[in-house]
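Engineer:
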Amino acid sequence: MSCGVPRLASILFGCLLPIVGLAVVAGVLHGAAWGWAAAALGFLLLVIAQAKRLSVLSAWLDAPETAESPDARGAWGEVFLKLSRRLRHDARRIEDAEGALASFRNAMDAVPDGLVILNGHHQIQWSNRAAAVHLGIHLSRDHGAIIEQLVRKPGFAEYLDDPDTPAPLLLQSPAVRTRIYALRVVPLDEHNKLLVSLDVTDARRVEAMRSTFVANVSHELRTPLTVVSGFLEHFADDGAMSPEQRRYFTRLMSDQTARMLSLVDDLLMLSRLESEDAPATEEDVDMADLLAQLHSEAQSLNEGRHRIEVICEGPGLWGNRKEYHSAFGNLVSNAIRYTPAGGEIGIEWLVRDGAGVFQVRDSGVGIAAEHLPRLTERFYRVDRGRSRETGGTGLGLAIVKHILLRHQAVLRIESREGQGSTFRVEFPAWRLRPERAAGPRHGGEAIGMQGETG
Ligand code: ADP
-1 MSCGVPRLAS ILFGCLLPIV GLAVVAGVLH GAAWGWAAAA LGFLLLVIAQ
49 AKRLSVLSAW LDAPETAESP DARGAWGEVF LKLSRRLRHD ARRIEDAEGA
99 LASFRNAMDA VPDGLVILNG HHQIQWSNRA AAVHLGIHLS RDHGAIIEQL
149 VRKPGFAEYL DDPDTPAPLL LQSPAVRTRI YALRVVPLDE HNKLLVSLDV
199 TDARRVEAMR STFVANVSHE LRTPLTVVSG FLEHFADDGA MSPEQRRYFT
249 RLMSDQTARM LSLVDDLLML SRLESEDAPA TEEDVDMADL LAQLHSEAQS
299 LNEGRHRIEV ICEGPGLWGN RKEYHSAFGN LVSNAIRYTP AGGEIGIEWL
349 VRDGAGVFQV RDSGVGIAAE HLPRLTERFY RVDRGRSRET GGTGLGLAIV
399 KHILLRHQAV LRIESREGQG STFRVEFPAW RLRPERAAGP RHGGEAIGMQ
449 GETG
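Position 444 of the sequence shown, counted from 1, bears residue number 442 in the numbering used here, the numbering being contiguous throughout.
Right under this line is the structure:
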């Protein structure tokens, strides 16, 4: 507004004054009629010139981005220049806004949760890529569609109408039935709502595993506790008990207590293994020494019931000795526990195709093929009674699996029901320490350390 007066003055002086001046001169020289005629002619020319400029402006405004701004002088030149500046400014702002919108869309598509914007009639206004996977909603196809017609789930329509419901609505994926999504509705404004879908499959699986685990542990502890508490009741009535009975009950109670202790020890070990990715320390483990220790422990557990053969051909092994001892010891003790008296057990350490192989062979009860994939699950047992009788906790192979994972080793199980089993652990070549292979008992030759024969 501040420059309105000078601009008006410039138009007056630039256009009107010459016409009025010409008309006055014509009037003075040739009379009033000539003066009016000159004025009329001047105004006519002025109107024609303005109309021409207007038509040029209108033509340019039809497609300002494709043509240069019209060339003009004076007030029109100023108008064209300002318009052209404003249009360029607006074009830049639109470009920026489009860029921001595209980035926002990309970001929303990258969000792993499904997002759907609904209007007051529950019509789909917008949705991201995850919504296509979770709910089968494709924006290009379903824009404007009513969501209840696409997501068919009892209670869904009511849930949309009452977004204050605290618990999310669970929905099975229409495409992959094993996946579960939690739906939530968030009001955006008076009419629009945002429907959010979250993949909760893994969380629910973990939750199911946790409650199964707690149930298993409780069950495992309850059995020996019931036995011990039953015996304690007998003790309370001690007049009725002979010294032999007392000794018998005391031994049974101490067996049950030992069982609980070994269960708690295994649980603590598992929890430690699960909470750390790698062993605290690693070292060169002398495998001849470790196998000798395993052999002597096997002999004392075995009590002469089996023939035990030990072969140590491999080099040293890089890793945590305590953990190796625990994993290999579990395999050896399983072989003894699941092999009837008179059977054969082999404990071997060798190199095969460049990999370090520790294996325990037995001629025991064997395992039917359908059980093999689940053996390393916590508390999974083929024969629950036999496992308990022999002091098993059902956690041994789960511990083995975790220890091997931390040492980048894999466990392979070959077994046939009634024909024995081989539990083979394969270590990557980089864990082998050939420099530790020295010693008269190795030397690339098989050594046989045989236990007692039953
Ligand atoms: P447990 O304490 O019950 O032995 P594990 O985790 O060590 O638990 O083993 C899981 C199950 O695998 C055992 O209950 C048993 O059924 C089976 N198993 C393990 N080792 C052997 C083996 N050498 N021979 C036969 N069955 C075995």
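Don't be surprised by glycine CBs; every beta carbon is placed ideally from N, CA and C.
If we call anything under 9 Å between Cβ atoms a contact, is Gln406 one with Phe425?
Structural biologist: Yes, these two residues count as a Cβ contact at 9 Å.
Engineer: Under 9 Å, do Leu250 and Phe233 count as touching if we go by C-beta distance?
Structural biologist: Not in contact: Leu250 and Phe233 (Cβ atoms no closer than 9 Å).
Engineer: Specify, as a first and last residue, the run of the alpha helix (DSSP H) that Ile411 falls within.
Structural biologist: Premise fails: Ile411 lies in the beta strand (DSSP E), 408 to 413, not in any alpha helix (DSSP H).
Engineer: Taking C-alpha atoms, which residue in Cys310, Glu346, Ile306 lies nearest to Gly340?
Structural biologist: Residue Ile306 is the option with its Cα nearest to Gly340.
Engineer: Taking the straight line between their C-alpha atoms, what separation do you get for Pro164 and Asp187?
Structural biologist: If you take the alpha carbons of Pro164 and Asp187, they lie about 19 Å apart.
Engineer: Please state whether the Cβ-Cβ distance between Gly134 and Leu196 is less than 9 Å.
Structural biologist: Contact flag unset, no.
Engineer: Let me know the secondary structure DSSP gives Val330 once reduced to three states.
Structural biologist: Here Val330 sits in helix by DSSP.
Engineer: Could you compute how far the alpha carbon of Leu15 sits from the alpha carbon of Phe41?
Structural biologist: Near 11 Å, if we compare the C-alpha coordinates of Phe41 and Leu15.
Engineer: Please confirm whether any heavy atom of the ligand ADP lies closer than 8 Å to the CB of Phe421.
Structural biologist: Phe421: yes, Cβ under 8 Å from the ligand ADP.
Engineer: State buried or exposed for Trp428, treating a residue as buried only when at least 16 other CB atoms are found within 10 Å of its CB.
Structural biologist: Exposed.
Engineer: Can you name, in chain order, every residue of its own chain whose Cβ lies under 6 Å from the Cβ of Gly449, other than the five neighbours on each side?
Structural biologist: Here Gly449 scores only 36 on pLDDT, less than 50, and its place in the model is too uncertain to base an answer on.
Engineer: On the three-pair Cβ rule with 8 Å, is the segment 258 to 266 touching the segment 213 to 228?
Structural biologist: Yes, the segment 258 to 266 is in contact with the segment 213 to 228.
Engineer: Where are the alpha helix (DSSP H) runs, 4 residues long or more, that stay fully inside the segment 184 to 260, in chain order?
Structural biologist: Correct list: 199 to 234.
Engineer: Quick check on the DSSP output: the alpha helix (DSSP H) that includes Val55 runs from which residue to which?
Structural biologist: It should be noted that the sequence gives Leu, not Val, for residue 55. Segment 30 to 60, the alpha helix (DSSP H) holding Leu55.
Engineer: Kindly identify the DSSP beta-bridge partner or partners of Arg431.
Structural biologist: Gly314.
Engineer: For Ala21, count neighbouring Cβ atoms within 10 angstroms of its own Cβ and tell me buried if that reaches 16, exposed if not.
Structural biologist: Buried, because 16 or more other Cβ atoms sit within 10 Å of the Cβ of Ala21.
Engineer: With respect to 8 Å, is the separation between the Cβ of Val355 and the closest non-hydrogen atom of the ligand ADP below this value?
Structural biologist: No, the beta carbon of Val355 sits no closer than 8 Å to any heavy atom of the ligand ADP.
Engineer: Quick one: what's Ser125 bridged to in DSSP?
Structural biologist: Ser125 pairs with Val114.
Engineer: Grab me the residues of Pro166's own chain with a C-beta within less than 7 Å of its C-beta, minus the 5 sequence neighbours each way, in chain order.
Structural biologist: Cβ within range, chain order: Ala180, Leu181, Arg182.
Engineer: Give the straight-line distance between the Cα atoms of Lys50 and Ala70, rounded to the nearest whole angstrom.
Structural biologist: Approximately 11 Å, taken between the alpha carbons.
Engineer: In the DSSP output, what is Phe455 paired with across the bridge?
Structural biologist: With the chain running from -1 to 452 in the structure shown, residue 455 is simply not present.
Engineer: On the CB-based measure, 16 or more other CB atoms within 10 Å of its CB, does Gly442 come out buried or exposed?
Structural biologist: Note on Gly442: pLDDT 31, under 50, position unreliable in the model; the coordinate value appears next. It is exposed - the Cβ of Gly442 has fewer than 16 other Cβ atoms within 10 Å.
Engineer: Between the Cα of Leu271 and the Cα atoms of Met285, Leu402, Arg431, Arg86, which residue gives the shortest distance?
Structural biologist: Answer by Cα proximity: Leu402.
Engineer: Can you look up Ile135 in the DSSP assignment and give me helix, strand or coil?
Structural biologist: In the structure shown, Ile135 sits in coil (DSSP, three-state: anything other than H, G, I, E or B).
Engineer: Per DSSP, which residues does Asp263 bridge with? Please list them.
Structural biologist: Per DSSP, none; premise fails for Asp263.
Engineer: Arg305 by DSSP, collapsed to three states: which one?
Structural biologist: Here Arg305 sits in strand by DSSP.
Engineer: Report buried or exposed for Gln357, applying the criterion of at least 16 other Cβ atoms within 10 angstroms of its Cβ.
Structural biologist: Label assigned to Gln357: buried.
Engineer: Tell me whether Arg431 counts as near the ligand ADP, meaning its Cβ is closer than 8 Å to at least one heavy atom of that ligand.
Structural biologist: It does not: the Cβ of Arg431 is nowhere closer than 8 Å to a heavy atom of the ligand ADP.
Engineer: For Ala105, does the count of other Cβ atoms within 10 angstroms reach 16, so buried, or fall short, so exposed?
Structural biologist: With fewer than 16 other Cβ atoms within 10 Å, it is exposed.
Engineer: With 16 other CB atoms within 10 Å as the buried threshold, where does Val330 fall?
Structural biologist: With 16 or more other Cβ atoms within 10 Å, it is buried.
Engineer: Could you say if the segment 277 to 297 and the segment 307 to 316 meet the contact criterion of at least three C-beta pairs nearer than 8 Å?
Structural biologist: Verdict: yes, contact present.
Engineer: Which class does Arg379 belong to by DSSP, given the choice of helix, strand or coil?
Structural biologist: Residue state, collapsed to three classes: coil.
Engineer: Just to check, is the beta-carbon of Gly392 closer than 8 Å to a non-hydrogen atom of the ligand ADP?
Structural biologist: Checking every heavy atom of the ligand ADP against the Cβ of Gly392, one is found closer than 8 Å.
Engineer: Do the segment 24 to 36 and the segment 47 to 62 meet, that is, are 3 or more Cβ pairs less than 8 Å apart?
Structural biologist: The answer is no - the segment 47 to 62 does not touch the segment 24 to 36, with fewer than three Cβ pairs under 8 Å.
Engineer: Buried or exposed: where does Gly19 fall if 16 or more other Cβ atoms within 10 Å of its Cβ makes it buried?
Structural biologist: By the 10 Å Cβ count, Gly19 comes out exposed.
Engineer: Is Thr221 close to the ligand ADP? I mean its beta-carbon at under 8 Å from any heavy atom of the ligand.
Structural biologist: No.
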